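Asks:
Protein chains: 2
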Amino acid sequence: MARLEFFYDYGSPYSYLANGRLPELAARTGAQLIYRPMLLGGVFKATGNRSPAAETIEAKRRYGAVELSRWVAHLGVPFRMNPHFPIDTLRLMRAAHAAHAQGVFAAFHAAVYPAFWALGENLGDEAVVARVLGEAGLDAGAILAAASADAAKTALRATTDEAVARGAFGAPTFFVGDEMFFGNDRLDFVERALRAAR
Amino acid sequence: MARLEFFYDYGSPYSYLANGRLPELAARTGAQLIYRPMLLGGVFKATGNRSPAAETIEAKRRYGAVELSRWVAHLGVPFRMNPHFPIDTLRLMRAAHAAHAQGVFAAFHAAVYPAFWALGENLGDEAVVARVLGEAGLDAGAILAAASADAAKTALRATTDEAVARGAFGAPTFFVGDEMFFGNDRLDFVERALRAAR
């Protein structure tokens, strides 16, 4: 079975858009979808790259906003530019690893992404994260406690370091074997690679 | 009839890839394809942008080379990274306007793009340009003489200024009415805009 690795950060809007398309893509291609939560800020720091939102060239920044709106309209997904953006996602991404270790990653993931990019919640605020997780029926206290422990910190750092070592410079980044693909707009190439890998 | 404006520079490899796809796209959508030769270097200078080939972030530059190879393979077009790249295209882009004024743009365009990106010719060298145009049955002397005259210089400057004023920051850039699209990888969005404009 071909493996599709999805390196993402909840703070990346294009990762959100890609995320919604991945389960069907994996089903169509018979691929195993593997979530790899990383710290995008760490990737930027390691590579010297920066967020498209921090684009200094005015024409590119203006076009970037148009592009995002077009993708949202094209995909027909619920989307609201998070009013708290950019959000420090360090604790949230550690919590993703903690949720994984506790066997509740799927419910965590399903709760966090819409809260971030459809509801515009401030997920840099731990109280808001606790509320969102609680509303999804998760044990927020247990997840957030584990998110502050060494195992989650180490796991997030390792995933981020691995992404950088394999060539990532932004999010979303996909791997099919050693082949790297960057961006929501490369899922057609990802799909062809998965079909070729079967 | 919807109009599809194609702002390009012969020195842009992704403009070359897009160029090969445009006639069929225009035919499918019933759009009028309008070639707008601009000076990409002038666009970069005006906006502060730079060539992807001058990317300073190593991971992005490495990925950029992989991406280009993937697009070439996917589209199945003859392509050879021009060994003289980057080439100063100022005179060549002026010559495109001169060829247009002389009513031989189609033959000029059909000769120049493959020479640049399939054959790897040094089209920054006027003698090479003259040979390529001559082999295509064009009056190279007349075109190159006109390319040095004020009309061609003014036309190129005006097209470049217009592109920047309308929001362009790179090539290829497409317009469907006032809607701008950047990149060979946005031709699917261009196509949808053209269908919507009918």
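Protein chains in written order, with our numbering: chain A, 2 to 199; chain B, 2 to 199.
We put the CB at the ideal spot given by N, CA and C, even for glycine.
Quick caveat, the model's predicted, so the values are computed rather than measured.
Hey, would you say the C-beta of P14 of chain B is under 6 Å away from at least one heavy atom of the ligand PLP?
Replies: This structure simply doesn't include the ligand PLP, nor any ligand for that matter.
Asks: Taking CB distances under 7 Å as the criterion, tell me whether N185 of chain B reaches chain A.
Replies: No, its Cβ sits nowhere closer than 7 Å to a Cβ of chain A.
Asks: What first and last residue would you give for the beta strand (DSSP E) that runs through P38 of chain B?
Replies: P38 of chain B -> beta strand (DSSP E) spans Q33 to P38.
Asks: Listed in chain order, which residues of the region 57–68 of chain A have Cβ atoms closer than 7 Å to some Cβ of chain B?
Replies: Of all residues in the region 57–68 of chain A, I58, A60, K61, R63 and Y64 have a Cβ within less than 7 Å of some Cβ in chain B.
Asks: Can you pull out the residues from the region 88–112 of chain A whose beta carbon lies closer than 8 Å to at least one beta carbon of chain B?
Replies: Taking 8 Å as the Cβ-Cβ cut-off against chain B, none of the residues of the region 88–112 of chain A qualify.
Asks: For A177 of chain A, name the three-state secondary structure that DSSP assigns.
Replies: Before going further, note that residue 177 of chain A is Val rather than Ala in the sequence given. Strand.
Asks: Taking the beta strand (DSSP E) that E6 of chain B belongs to, which residues open and close that run?
Replies: From DSSP, the beta strand (DSSP E) with E6 of chain B extends over R4 to Y9.
Asks: Taking just the CA atoms, how far does V133 of chain A sit from P87 of chain A?
Replies: Those two C-alpha atoms are separated by around 19 Å.
Asks: Consult DSSP for F109 of chain B and reduce its assignment to one of helix, strand or coil.
Replies: Here F109 of chain B sits in helix by DSSP.
Asks: DSSP has F183 of chain A in a bridge; who is on the other side?
Replies: For F183 of chain A, which the question treats as bridged, DSSP gives the partners A:T174.
Asks: Would you kindly work out how many angstroms separate the C-alpha atoms of R169 of chain A and R158 of chain B, rounded to a whole number?
Replies: Looking at the sequence itself, residue 169 of chain A is Ala, so the reference to Arg does not match. In a straight line, the C-alpha of A169 of chain A is about 38 Å away from that of R158 of chain B.
Asks: DSSP state of D162 of chain A, grouped into three classes?
Replies: Note: D162 of chain A maps to helix in three-state DSSP.
Asks: In three-state DSSP terms, what is E56 of chain B?
Replies: Coil, per DSSP.
Asks: Specify the secondary structure class of V78 of chain B as computed by DSSP and reduced to three states.
Replies: The answer is coil: DSSP assigns V78 of chain B none of H, G, I, E or B.
Asks: Skipping 5 residues on each side, what residues in its chain have a beta carbon closer than 8 Å to that of L120 of chain B?
Replies: Excluding residues within five positions, the ones whose Cβ falls inside 8 Å are R81.
Asks: Beta-carbon of G125 of chain A versus every beta-carbon of chain B: anything under 7 Å?
Replies: False, the Cβ-Cβ gap to chain B never drops below 7 Å.
Asks: For a contact meaning CB atoms closer than 9 Å, what does N50 of chain B contact in chain A?
Replies: Residues of chain A passing the Cβ test: I58, A60 and K61.
Asks: In three-state DSSP terms, what is A119 of chain B?
Replies: In the structure shown, A119 of chain B sits in coil (DSSP, three-state: anything other than H, G, I, E or B).
Asks: Which runs of the alpha helix (DSSP H) at least 4 residues long sit entirely within the region 120–159 of chain B? Give them in chain order.
Replies: The region 120–159 of chain B contains these whole alpha helix (DSSP H) runs: 127–136 and 141–148.
Asks: The alpha helix (DSSP H) with P24 of chain B in it runs from where to where?
Replies: From DSSP, the alpha helix (DSSP H) with P24 of chain B extends over P14 to T30.
Asks: Short of 7 Å in beta carbon distance, which residues of its chain neighbour A47 of chain B, apart from the five on each side in sequence? Order them along the chain.
Replies: Within the same chain, A47 of chain B has close Cβ partners V165.
Asks: Report yes if the CB atom of A32 of chain B is closer than 7 Å to the CB atom of L76 of chain B, and no otherwise.
Replies: No; because the gap between Cβ atoms is not below 7 Å, this pair is not in contact.
Asks: Take N20 of chain B and list the residues in its own chain whose beta-carbon comes closer than 7 Å to its own, dropping the five residues that flank it on each side.
Replies: Cβ within range, chain order: Y9 and Y114.
Asks: Could you name the residues of the same chain whose beta carbon sits closer than 8 Å to that of R196 of chain A, not counting the 5 residues immediately before and after it, in chain order?
Replies: Only T30 meet the Cβ criterion.
Asks: Distance, Cα to Cα, W72 of chain B vs P79 of chain A?
Replies: Cα-Cα distance, rounded: 31 Å.
Asks: Mind checking whether A153 of chain A and L41 of chain A have CB atoms under 7 Å apart?
Replies: Result no, Cβ atoms of A153 of chain A and L41 of chain A do not sit closer than 7 Å.
Asks: Return the chain-ordered list of same chain residues with a C-beta closer than 7 Å to the C-beta of A99 of chain B, the five sequence neighbours on each side being excluded.
Replies: Cβ within range, chain order: I144, A147, A148 and A153.
Asks: Output the distance between the C-alpha atoms of D89 of chain A and R167 of chain B, rounded to the nearest integer angstrom.
Replies: If I take the Cα positions, the gap works out to 35 Å.
Asks: Can you look up D89 of chain B in the DSSP assignment and give me helix, strand or coil?
Replies: Reduced to three states, the DSSP call for D89 of chain B is coil.
Asks: Can you tell me which of the three DSSP states G168 of chain A falls into?
Replies: Here G168 of chain A sits in coil by DSSP.
Asks: Which word fits M94 of chain B, buried or exposed, when buried means at least 16 other C-beta atoms lie within 10 angstroms of its C-beta?
Replies: Buried, by the Cβ-count rule.
Asks: With a threshold of 7 Å between beta carbons, is F170 of chain B in contact with chain A?
Replies: At least one chain A Cβ lies under 7 Å of F170 of chain B.
Asks: Can you say whether G12 of chain A is buried or exposed, counting buried as having 16 or more other CB atoms within 10 angstroms of its CB?
Replies: Buried: at least 16 other Cβ atoms inside 10 Å.
Asks: So which residues on chain A does R132 of chain B lean against when the C-beta distance must stay under 9 Å?
Replies: Correct list: empty, because the minimum Cβ distance to chain A is about 37 Å.
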